Amino acid sequence: MARAKRLEFTKPVQRDIIKRATGDDGRIRCEGCRCVVKPGGFHIDHIIADGLRRDKSKPLTAADGQLLCSGFPESCHGKKTTKHDVPAIAEAKRREDRAIGVRGPEKRPIQSRGFPETVKPAKPPVRTAPGPSEIGRRFGVRK
Numbered sequence: 060m061a062r063a064k065r066l067e068f069t070k071p072v073q074r075d076i077i078k079r080a081t082g083d084d085g086r087i088r089c090e091g092c093r094c095v096v097k098p099g100g101f102h103i104d105h106i107i108a109d110g111l112r113r114d115k116s117k118p119l120t121a122a123d124g125q126l127l128c129s130g131f132p133e134s135c136h137g138k139k140t141t142k143h144d145v146p147a148i149a150e151a152k153r154r155e156d157r158a159i160g161v162r163g164p165e166k167r168p169i170q171s172r173g174f175p176e177t178v179k180p181a182k183p184p185v186r187t188a189p190g191p192s193e194i195g196r197r198f199g200v201r202k
């Protein structure tokens, strides 16, 4: 099954989203946290993740996107992608696989002849000195 190509926002749609996020003072604000972003410090993100869209034939509009701050670890775009979009897409794929009957590989033990059994040599007997041992002398054991 071929995967559908990811839909990107056209330049006119990107302009509309940026104009929508620009305030009366002329500054561009993140539509997630309302912080001021400089040009290039933002990302135009799909409101509904592109991986979750079923109808890819319909063109994207400004209502399908939002301007989010990016460029640092706790940015709105980074948080939305890692905490919401990626898990939601993975869950959708798992549900679809379960619905159509896709299963992973069967888990069973490795089929091999195994290792040959080793024969360990017998240990030689421990040689002791004749007479009572030092421990025996300490405790008064005599022969």
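Position 32 of the sequence shown, counted from 1, bears residue number 91 in our numbering, the numbering being contiguous throughout.
C-beta: ideal position from N, C-alpha, C; glycine also.
Everything numeric in this text was worked out from a predicted model, so none of it was measured.
Residue-level contact to chain B via CB, residue i, 8 Å cutoff
i: residue 109; result: This model lacks chain B altogether; it includes just one protein chain.
Within 8 Å, strictly: CB atoms of residue i and residue j
i: residue 127; j: residue 139; result: yes
i: residue 74; j: residue 80; result: no
i: residue 124; j: residue 76; result: yes
i: residue 66; j: residue 114; result: no
i: residue 111; j: residue 151; result: yes
i: residue 72; j: residue 120; result: yes
Cross-strand partners of residue i (DSSP beta bridge)
i: residue 124; result: 105
i: residue 96; result: 87
Residue i classed as buried or exposed, judged by whether at least 16 other C-beta atoms fall within 10 angstroms
i: residue 104; result: buried
i: residue 136; result: buried
i: residue 101; result: buried
i: residue 60; result: Residue placement at residue 60 is flagged as unreliable, the pLDDT there being 45, under the threshold of 50; a coordinate-derived value is accordingly withheld.
i: residue 174; result: exposed
i: residue 133; result: exposed
i: residue 96; result: buried
i: residue 207; result: Only positions 60 to 202 of the chain appear in the structure, and residue 207 is not among them; the question remains open.
First through last residue of the alpha helix (DSSP H) which encompasses residue i
i: residue 79; result: 70-80
i: residue 173; result: Counting along the chain, residue 173 falls outside any alpha helix (DSSP H), and DSSP gives it neither H nor E.
i: residue 139; result: 135-139
Reduced DSSP secondary structure (H/G/I, E/B, other) of residue i
i: residue 145; result: helix
i: residue 65; result: coil
i: residue 154; result: helix
i: residue 159; result: helix
i: residue 130; result: coil
i: residue 119; result: coil
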